[in-house]
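Engineer: Every letter in the sequence shown is one number past the one before it in the working numbering, and letter 124, counting from 1, is 118.
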Amino acid sequence: MLIITRDLHDQIIAHARADHPDEACGVIAGPVGSGRPERFIPMFNAARSPTFYEFSSEDLLRLYREMDDRDEEPVVIYHSHTATEAYPSRTDVAYANEPGAHYVLVSTADEFPSDLRSYRIVDGEITEEEVKVVESY
């Protein structure tokens, strides 16, 4: 189960809406080993695409160095789908390389308004998990 604060939940949705019609993407970092998402880090979609997201290699290197310096890890990796439901695509599964992370997807498609869902993706297997939104930890 992903437990996330209302503030972080709302920031993900706001970022997804702001970047629409392109896919939005980002990370929420937390203390190593805690499993607690704390620091919202919106990223630039280097692909600038409505059907694909990509972190630039420079941004990703900078992010991981910063998290390492702060004793953090990626707890949530999020992105939006602009025309489909919030379910991982084959490409999403292929690029899922953080087995401990929650992969959060939000749909900005009209037929799926604010559809935010979370998954674990390990060795190509997708498992949807409950999302519990809390006011604070």
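We put the beta carbon where it would ideally sit given N, CA and C, even for glycine.
So, helix, strand or coil for Tyr81, using DSSP?
Structural biologist: Assignment of Tyr81 by DSSP, reduced to helix, strand and coil, places it in the coil class.
Engineer: Given a cut-off of 8 Å, decide if Arg11 and Thr78 are closer than it, judged by their beta-carbon atoms.
Structural biologist: no
Engineer: Helix or strand or just coil, what does DSSP make of Met151?
Structural biologist: The shown model of the chain, from -5 to 131, leaves out residue 151, and the question about it has no answer.
Engineer: Excluding the 5 residues flanking Asn39 on each side, which residues of the same chain have their C-beta closer than 6 Å to its C-beta?
Structural biologist: Asp16, Glu17, Cys19 and Tyr47
Engineer: How many Å lie between Glu60 and Pro36 at the Cα?
Structural biologist: 14 Å
Engineer: Out of curiosity, what's the CA-to-CA distance linking Asp63 and Asp109?
Structural biologist: 34 Å
Engineer: Tell me whether the beta-carbon of Leu99 lies closer than 8 Å to the beta-carbon of His75.
Structural biologist: yes
Engineer: Compare the C-alpha of Asp13 against each of Arg33, Met(-5), Ala88 and Thr45 and name the closest.
Structural biologist: Thr45
Engineer: Going by C-alpha distance, which of Ala23, Ala80 and Gly94 is nearest Ser112?
Structural biologist: Ala80
Engineer: What residues are listed by DSSP as bridge partners for Glu17?
Structural biologist: BP columns for Glu17 are empty, so no partner.
Engineer: Counting only the same chain and skipping the five closest in sequence on each side, list residues whose C-beta sits under 7 Å from that of Ala90.
Structural biologist: Tyr97 and Ile115.
Engineer: Tell me which residues share the same chain as Leu57 and place their Cβ nearer than 7 Å to its Cβ, disregarding the 5 neighbours each side in the sequence.
Structural biologist: Val21 and Ile35
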